[in-house]
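Protein chains in written order, with my numbering: chain C, 13 to 291; chain D, 16 to 117.
What follows is a set of notes on a single structure, which appears directly below.
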């Protein structure tokens with residue numbers, strides 16, 4: 013396709029509704045976001061949205077229930093528990109950096125840190141802890157990072173997402189930036205996150221059933237059969253960008269952290285279900 | 016045949032072969048520079064396309080192998096893709112709001 017033809021295709025891309033000049037209103041966004049999915053899928057129980065593609069397809073749902081008897085993420089839970097308690101060189105542990113030793117707190121992340129002036133995700137908090145204690149950071153996409161966040165998610169299962177936006181213009185700006193990233197088309201395929209996860213959940217892309225955006229982060233981190241292993245939220249974001257033929261940003265880039273902030277906030281009230289398992 | 020005639024013929028032949036090769040290399044260099052600039056501009060907009068980056072790498076590889084026609088073709092393809100990426104990034108600066116759930 014020539015540049016001109018591609019440009020014409022971009023202009024002709026479908027849209028939802030006319031934009032309005034308005035001030036950011038996260039509470040109104042949350043309400044509209046959740047209503048959209050409830051209306052689109054009236055048969056899906058609200059709390060089932062956290063189960064991604066399994067909430068969209070009966071056959072997949074049955075397969076998943078069987079898979080959960082011997083979940084593929086189980087080994088990661090053991091490793092995560094061990095790493096949380098393993099002493100650093102200075103004698104402290106990863107657990108020491110978190111409220112309640114990191115148990116049952118997943119639902120509070122990400123949060124806007126007013127001292128740092130930025131969104132802090134669980135993954136960033138883990139590496140900030142390690143570095144503050146003289147340890148090298150984990151890779152953001154898999155292995156140890158996936159294991160410790162899997163353990164922290166597992167100990168938080170059932171607790172509803174409770175992401176807060178403090179009364180700070182910087183927090184609101186981060187939220188808006190995350191929303192912009194979510195709806196912005198990118199890559200040669202001209203897809204936004206919303207193209208798949210708002211317009212098309214329940215539809216198939218090749219053999220995969222697309223998950224709804226509502227509750228999509230509640231199941232993170234996940235074991236993906238496609239990856240033959242565990243992956244973090246960072247891994248999910250970078251691989252989504254690559255799949256639409258866009259060069260991904262670096263894991264935990266400001267845009268990705270803000271995106272996680274936005275997506276988590278609009279899923280407030282839905283229970284943590286991670287770690288998850290996906291095809 | 017006198018030696019001087021042979022030498023002249025050889026020189027003419029060499030010129031006839033080398034001139035188009037130099038022109039092909041020059042065309043590649045120009046195309047590659049434009050493609051690199053477009054790719055860098057897309058990068059500033061945080062919207063590079065993997066296909067543009069791959070075509071740029073293919074252009075360089077072909078040039079290193081001496082295939083300047085292929086190298087130029089890949090460079091031009093890369094530039095077109097980057098130009099589309101730049102257009103997309105500019106167009107989406109405001110149009111992302113069209114997709115927002117309200």
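Note that CB positions come from ideal geometry on N, CA and C, so glycine has one too.
For clarity, every value in this text was computed on a predicted model and none was experimentally measured.
Proximity below 9 Å, CB of residue i to CB of residue j
{"i": "residue 5 (chain C)", "j": "residue 79 (chain C)", "result": "Outside the shown range of chain C, which is 13 to 291, sits residue 5 (chain C), and nothing can be said about it."}
{"i": "residue 258 (chain C)", "j": "residue 198 (chain C)", "result": "yes"}
{"i": "residue 160 (chain C)", "j": "residue 96 (chain C)", "result": "yes"}
{"i": "residue 209 (chain C)", "j": "residue 201 (chain C)", "result": "no"}
{"i": "residue 282 (chain C)", "j": "residue 243 (chain C)", "result": "no"}
{"i": "residue 74 (chain D)", "j": "residue 86 (chain D)", "result": "yes"}
{"i": "residue 65 (chain C)", "j": "residue 237 (chain C)", "result": "no"}
{"i": "residue 90 (chain D)", "j": "residue 70 (chain D)", "result": "yes"}
{"i": "residue 133 (chain C)", "j": "residue 272 (chain C)", "result": "yes"}
{"i": "residue 152 (chain C)", "j": "residue 255 (chain C)", "result": "no"}
{"i": "residue 97 (chain D)", "j": "residue 53 (chain D)", "result": "yes"}
{"i": "residue 45 (chain C)", "j": "residue 278 (chain C)", "result": "yes"}
{"i": "residue 235 (chain C)", "j": "residue 111 (chain D)", "result": "no"}
{"i": "residue 47 (chain D)", "j": "residue 80 (chain D)", "result": "no"}
Chain D within 9 Å of residue i, Cβ atoms only
{"i": "residue 72 (chain C)", "result": "no"}
{"i": "residue 15 (chain C)", "result": "Note that residue 15 (chain C) scores 49 on pLDDT, short of 50, meaning its location in the model is unreliable; the coordinates nonetheless yield the value given after this. Yes, because at least one Cβ of chain D sits closer than 9 Å to the Cβ of residue 15 (chain C)."}
{"i": "residue 24 (chain C)", "result": "With a pLDDT of 45 at residue 24 (chain C), under the threshold of 50, the predicted position of this residue should be treated as unreliable, though the coordinate-derived value follows. No, residue 24 (chain C) lies away from the interface with chain D (no Cβ there is under 9 Å from its Cβ)."}
{"i": "residue 126 (chain C)", "result": "no"}
{"i": "residue 237 (chain C)", "result": "no"}
{"i": "residue 28 (chain C)", "result": "In this predicted model, residue 28 (chain C) has a pLDDT of only 47, less than 50, meaning its place in the structure is not dependable; the value taken from the coordinates is given anyway. Closer than 9 Å: yes."}
{"i": "residue 204 (chain C)", "result": "yes"}
{"i": "residue 45 (chain C)", "result": "yes"}
{"i": "residue 264 (chain C)", "result": "no"}
{"i": "residue 48 (chain C)", "result": "yes"}
{"i": "residue 287 (chain C)", "result": "no"}
{"i": "residue 19 (chain C)", "result": "Confidence at residue 19 (chain C) is low in this model, with a pLDDT of 45, below 50, so its placement is unreliable and the value that follows should be read with caution. Cβ-Cβ to chain D under 9 Å: yes for residue 19 (chain C)."}
{"i": "residue 270 (chain C)", "result": "no"}
{"i": "residue 108 (chain C)", "result": "no"}
{"i": "residue 267 (chain C)", "result": "yes"}
{"i": "residue 41 (chain C)", "result": "yes"}
{"i": "residue 277 (chain C)", "result": "no"}
{"i": "residue 153 (chain C)", "result": "no"}
Residue range of the alpha helix (DSSP H) that includes residue i
{"i": "residue 247 (chain C)", "result": "245-255"}
{"i": "residue 182 (chain C)", "result": "181-195"}
{"i": "residue 118 (chain C)", "result": "Residue 118 (chain C) -> no alpha helix (DSSP H), and no H or E assigned at all."}
{"i": "residue 61 (chain D)", "result": "Segment: none, residue 61 (chain D) is in no alpha helix (DSSP H) and carries neither H nor E."}
{"i": "residue 160 (chain C)", "result": "155-166"}
{"i": "residue 56 (chain C)", "result": "Element bounds for residue 56 (chain C): n/a, residue is neither H nor E."}
{"i": "residue 137 (chain C)", "result": "134-144"}
{"i": "residue 64 (chain C)", "result": "Note, residue 64 (chain C): premise wrong, no alpha helix (DSSP H); not H, not E."}
{"i": "residue 74 (chain C)", "result": "70-79"}
{"i": "residue 269 (chain C)", "result": "266-277"}
{"i": "residue 289 (chain C)", "result": "Looking at the DSSP string, residue 289 (chain C) is not in any alpha helix (DSSP H); the run it does join, the beta strand (DSSP E), is 288-290."}
{"i": "residue 92 (chain C)", "result": "86-97"}
{"i": "residue 207 (chain C)", "result": "205-209"}
{"i": "residue 153 (chain D)", "result": "No answer is possible for residue 153 (chain D): the residues shown for chain D start at 16 and end at 117."}
Residue-level contact to chain C via CB, residue i, 9 Å cutoff
{"i": "residue 112 (chain D)", "result": "yes"}
{"i": "residue 71 (chain D)", "result": "no"}
{"i": "residue 104 (chain D)", "result": "yes"}
{"i": "residue 115 (chain D)", "result": "yes"}
{"i": "residue 100 (chain D)", "result": "yes"}
Range of the contiguous beta strand (DSSP E) that encloses residue i
{"i": "residue 101 (chain D)", "result": "No beta strand (DSSP E) contains residue 101 (chain D), which is instead part of the alpha helix (DSSP H) from 83-110."}
{"i": "residue 236 (chain C)", "result": "234-236"}
Any non-hydrogen atom of the ligand PLP closer than 8 Å to residue i Cβ
{"i": "residue 157 (chain C)", "result": "Questions concerning the ligand PLP fall outside what the structure shown contains, since it holds no ligand whatsoever."}
Members of the stretch 250-262 of chain C near chain D, C-beta cut-off 8 Å: So the list reads 254, 257, 258, 259, 261, given in the order they occur along the chain.
Chain D contacts from the stretch 181-202 of chain C (Cβ-Cβ distance under 8 Å): Cβ contacts with chain D come from 191, 192, 195, 196, 197, 198, 199, 200, 202.
Whether or not the stretch 161-170 of chain C and the stretch 116-131 of chain C are in contact is what I'm after, with contact meaning three or more pairs of Cβ atoms, one per stretch, closer than 8 Å; do they touch? Verdict: yes, contact present.
Along the stretch 56-80 of chain D, what residues have a CB closer than 9 Å to any CB found in chain C? Under the 9 Å Cβ criterion, the stretch 56-80 of chain D contributes 57, 58, 61, 62, 63, 64, 65, 66, 67, 68.
Below 8 Å, how does it come out for the stretch 188-206 of chain C and the stretch 134-151 of chain C: are there three or more Cβ pairs, yes or no? The stretch 188-206 of chain C is not in contact with the stretch 134-151 of chain C.
Cβ-based contacts, 7 Å cut-off: residues of the stretch 206-217 of chain C near chain D: The stretch 206-217 of chain C vs chain D, Cβ under 7 Å: 206, 210.
Between the stretch 35-55 of chain C and the stretch 120-129 of chain C, can you find at least three pairs of beta-carbon atoms closer than 8 Å? Short answer: they don't touch.
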